[in-house]
């Protein structure tokens, strides 16, 4: 197997009711690959940073089995920067600042070594860039998972739909599913979105869990009720990284294995929010992950024997 | 076993994006007992209506195995009336009108036949009235489940806490749990509320499911993703009726059986919202219920084998 991730590697500055960070390392590809590294031995990433990106950040990624051959470093430019502030409920946030910097002209280049890609995770980026990566692969991967956000629905809906039609799994949140489909009911939204091309749809509902749909089935994974949510930044990407990392490790893309992958993704996301930024993900142990997955099993496990089972 | 339910029997007038009703039959005791009737052979209710309450309403309750000996009919007064309007998201609503009428002076009287009560469901009413019913029973029931709402937290918090301290299971929604505990995190809210006396706490999250807590464990039951939610009125009471009805039928109040009861309650609530008022509950078949419970099993069932399981 080989897992390829594209997305931003960035600086974030975060304010939450629990405190405030200076510029810390973030970005979709960062969270996805750190999360996936708990399942696969190597994650290839295609992304771009500026000359201001610290060596310690690169080292941290390498130590987490992230291959950086596909990471362009533009010495005379600046890294993508996002700044946001969370409200008291931690579910809503305001963007305070977005500086595209190196992302403005990002042209994803695939190293030859990355052509063996079987699992492709398209982190949130312009849909045209996501499509360029799909088209740059000589062989279609076994599975393409795509994340996106409402921003592209507002300004590039046609390009977005075109890219969505090329992927196997689309991962978006509930509000985005409603915007993309024009349907309030998530069940109806899923029907319309699956008709756009993907075989599977994941609808992320933050603290309310995640739904996995195909044309016949629906699966629900709860979020773990946590005592404290410290910083939700990157939780969706961490979920996606756990999801595709688990699938890439097990090489099984059946619906029943995708259900397991959703649970592992949810478990990873539950760690992400416990500390600011990527801190909680950087040194996570296999034992901690297993314990957390147990908590998910206990959380939803019940035993009903029906006459006609 | 014997199941006793107290709560309002009322008229509701409902507006939703799907339409508008005239005065239809509603009330906490109505929804609870209709829902419980799918599990037990007889439900005793203690409530009050006015002379304007139609015979057809009484007949409908009787046909659903509701014993009306404890239902006071005050010929010269009017039945409790509530009117509300749901917003487009169906999760929020405005109260348009509340006329207490007979409820203003409601003095619950327990028929002697009801003294064998083993399972007591205190539907939403003034906490002083709920307490009066507990004190009116010669023997403490095996299980007392209490529902309440934010209204009583606003105007009668001390009386409410006093009544809460006397029950085994408290059932409230997420906002009410936050208000009652002063904690935003539901996990922390649960700790504080369980310290007030109840052994178990159910936190209802509407379309996001329900959580069951005791001091050691937490269980999560999803809500079924529905194509259409027509009218959420009574969903919480229907949940409670299914929950206590299942427990009363099985006579098992262990945590693992309460988990099943939460699933049955959730299944009942999923029917309630499919039509206006009590319509969907009045003629529900055992086969429909079993099929629905199967959908809940399929929705959350996954199979992960961990090394240290």
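Residue numbers (my numbering), protein chains in the order written: chain Z, 1030 to 1338; chain E, 1030 to 1338. From the three backbone atoms N, C-alpha and C, an ideal C-beta is built for every residue, glycine too.
Could you tell me whether the Cβ of residue i comes closer than 8 Å to any Cβ of chain Z?
i	result
residue 1254/E	yes
residue 1319/E	yes
residue 1251/E	yes
residue 1332/E	yes
residue 1201/E	no
residue 1069/E	no
residue 1309/E	no
residue 1214/E	yes
residue 1288/E	yes
residue 1329/E	yes
residue 1230/E	no
residue 1282/E	no
residue 1292/E	yes
residue 1335/E	yes
Going by beta-carbon coordinates alone, are residue i and residue j separated by less than 8 Å?
i	j	result
residue 1039/Z	residue 1050/Z	no
residue 1152/Z	residue 1035/Z	yes
residue 1103/E	residue 1086/E	no
residue 1115/E	residue 1046/E	yes
residue 1302/E	residue 1259/E	yes
residue 1178/Z	residue 1205/Z	yes
residue 1131/Z	residue 1106/Z	yes
residue 1129/E	residue 1144/E	no
residue 1148/E	residue 1241/E	no
residue 1208/E	residue 1182/E	yes
Between residue i and chain E, is any beta-carbon pair separated by less than 8 Å?
i	result
residue 1247/Z	yes
residue 1257/Z	yes
residue 1169/Z	no
residue 1116/Z	no
residue 1322/Z	yes
residue 1285/Z	yes
residue 1222/Z	no
residue 1326/Z	yes
residue 1217/Z	yes
residue 1240/Z	yes
Taking its Cβ as the centre, do 16 or more other Cβ atoms sit within 10 Å of residue i, making it buried, or is it exposed?
i	result
residue 1125/E	exposed
residue 1184/E	exposed
residue 1324/Z	exposed
residue 1378/E	Limits of chain E in this structure are 1030 at one end and 1338 at the other, which puts residue 1378/E out of reach.
residue 1264/Z	buried
residue 1327/Z	exposed
residue 1210/E	buried
residue 1234/Z	buried
residue 1189/E	buried
residue 1315/E	exposed
residue 1335/E	exposed
residue 1338/E	Since pLDDT at residue 1338/E reaches only 44, below the 50 mark, its modelled position is unreliable, and the value read off the structure follows with that caveat. With fewer than 16 Cβ atoms within 10 Å of its Cβ, residue 1338/E is classed as exposed.
residue 1048/Z	exposed
residue 1245/E	exposed
residue 1123/Z	exposed
residue 1073/Z	buried
residue 1083/E	exposed
residue 1127/E	exposed
residue 1096/E	buried
Since I believe residue j is in contact with residue i (beta carbons under 8 Å), could you give me their beta-carbon distance rounded to a whole number of angstroms?
i	j	result
residue 1174/E	residue 1200/E	6 Å
residue 1093/Z	residue 1070/Z	Incorrect: roughly 11 Å between the Cβ atoms, too far for contact.
residue 1120/E	residue 1257/E	That belief does not hold up - the Cβ atoms of residue 1120/E and residue 1257/E are roughly 14 Å apart, past 8 Å.
residue 1031/Z	residue 1058/Z	Not really, about 16 Å apart at Cβ, beyond 8 Å.
residue 1249/E	residue 1238/E	6 Å
residue 1274/Z	residue 1067/Z	6 Å
residue 1198/Z	residue 1172/Z	7 Å
residue 1289/E	residue 1333/Z	5 Å
residue 1262/Z	residue 1055/Z	6 Å
residue 1313/E	residue 1146/E	25 Å between Cβ atoms; not a contact.
residue 1311/E	residue 1089/E	6 Å
residue 1266/E	residue 1203/E	Contact doesn't hold; Cβ gap of about 17 Å is too wide.
Evaluate contact between the stretch 1253-1271 of chain E and the stretch 1049-1066 of chain E, counting only Cβ atoms and requiring at least three cross-stretch pairs below 8 Å. yes
Checklist entry - Below 8 Å, can you find three or more Cβ-Cβ pairs linking the stretch 1238-1256 of chain Z to the stretch 1275-1293 of chain E? => result Touching, no.
Evaluate the contact criterion for the stretch 1182-1200 of chain E versus the stretch 1222-1241 of chain E: three or more CB pairs, one atom per stretch, below 8 Å. yes
Meets three-Cβ-pair contact criterion under 8 Å: the stretch 1153-1170 of chain Z and the stretch 1127-1144 of chain Z = yes
Give a yes or no on contact between the stretch 1312-1321 of chain Z and the stretch 1278-1289 of chain Z, applying the rule of three or more CB pairs nearer than 8 Å.
no
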